[in-house]
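To keep things clear, I will list the structure first and then write my remarks on it.
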Amino acid sequence: MTVIGVFALQGNVREHLAMLAQVGVEARPVRRPSELAEVDGLVLPGGESTTMDKLARSFELFEPLQKRIADGMPTFGTCAGMIMLANEITGGIEGQETLGGLDVTVRRNAFGRQVDSFEADLKFAAFDSPYHAVFIRAPWVERVGRDVEVLSTVRSGPAEGRIVAVRHDRLLATSFHPEMTGDARLHGYFADLVRDL
Ligand code: GLN
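Taking our numbering, I'd label the letters of the sequence shown as residues 367 to 563.
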């Protein structure tokens, strides 16, 4: 059976585990390198990227994660997890580093401080009806590399046109929290990507 891990040192871990179980894969929390070695794919959840960065280092997961991502492990970064996957960030704190792998520039807390959270219906070519997305102190994607596919953008309001979902080969990232709305389509999309290996 396909095994998908969820980086579990910080962030919305339980919700992602539940969604993954719903799409028929074995879902496991990952806190140490030995656990990382056993998964076929990984979710980097939403939470706080600066804390994730620090915890990944102190639990000696940072380098093993970087290596597996560079070696082609399918990885799905959501919100703070999108920041962790980005090759480049703006609005980070002093010394903040990312795992990298995804050729994009991501702006942290991009939608403005006064707009802590909002919801929007997004269009994905792969889905036949809109995907309801919840954004919480979310980043957006400011630059995409040549091989990065834009999967969805905000369709109206002040952030219209902003890129909020991307894919680059086996790396998938969303600005929003797909684990919070009970819609398992993105987890299903990711699980298919892992199964197709
Ligand atoms: N603003 C957070 C960060 O920079 C991300 C917020 C989230 O994951 N909901 O890490």
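The C-beta atom is built at its ideal place from N, Cα and C for all residues, glycine as well.
When you measure from the CB of residue i to every non-hydrogen atom of the ligand GLN, does any distance come out below 7 Å?
i	result
Glu381	no
Gly412	yes
Arg398	no
Ser415	yes
Arg503	yes
Asn475	yes
Ile449	yes
Ala531	no
Ala446	yes
State yes or no: is the C-beta of residue i within less than 8 Å of the C-beta of residue j?
i	j	result
Leu451	Leu465	yes
Trp506	Ala476	yes
Val409	Asp469	no
Gly377	Met439	no
Arg536	Leu559	yes
Arg397	Val405	no
Ala492	Tyr555	yes
Counting C-beta neighbours from all protein chains within 10 Å, is the total for residue i 16 or more, i.e. buried, or is it exposed?
i	result
Ser400	exposed
Met367	exposed
Leu386	buried
Ile459	exposed
Ser415	buried
Phe373	buried
Arg434	buried
Val516	exposed
Ser541	buried
Thr456	exposed
Gly371	buried
Glu545	buried
Name the residue from the options whose alpha carbon lies nearest to the alpha carbon of residue i.
i	options	result
Pro524	Phe490, Ala486, Gly548 and Arg536	Ala486
Gln462	His498, Pro440, Met439 and Ala422	Ala422
His543	Met418, Ser495, Gly467 and Phe501	Phe501
Gly412	Asp437, Arg380, Arg398 and Ile435	Arg380
Asp549	Val472, Arg528, Phe442 and Ser495	Ser495
His498	Leu375, Ser518, Val389 and Glu508	Ser518
Arg474	Met448, Phe493, Phe425 and Gly511	Met448
Leu375	Ile529, Gly390, Ala446 and Phe490	Ala446
Glu454	Gly511, Gly371 and Ser522	Gly511
Arg509	Val532, Leu488 and Phe425	Val532
Shorter than 8 Å from the beta carbon of residue i to some beta carbon of chain C?
i	result
Ser495	As a matter of chain content, chain C is missing from the structure shown, which is built from one protein chain.
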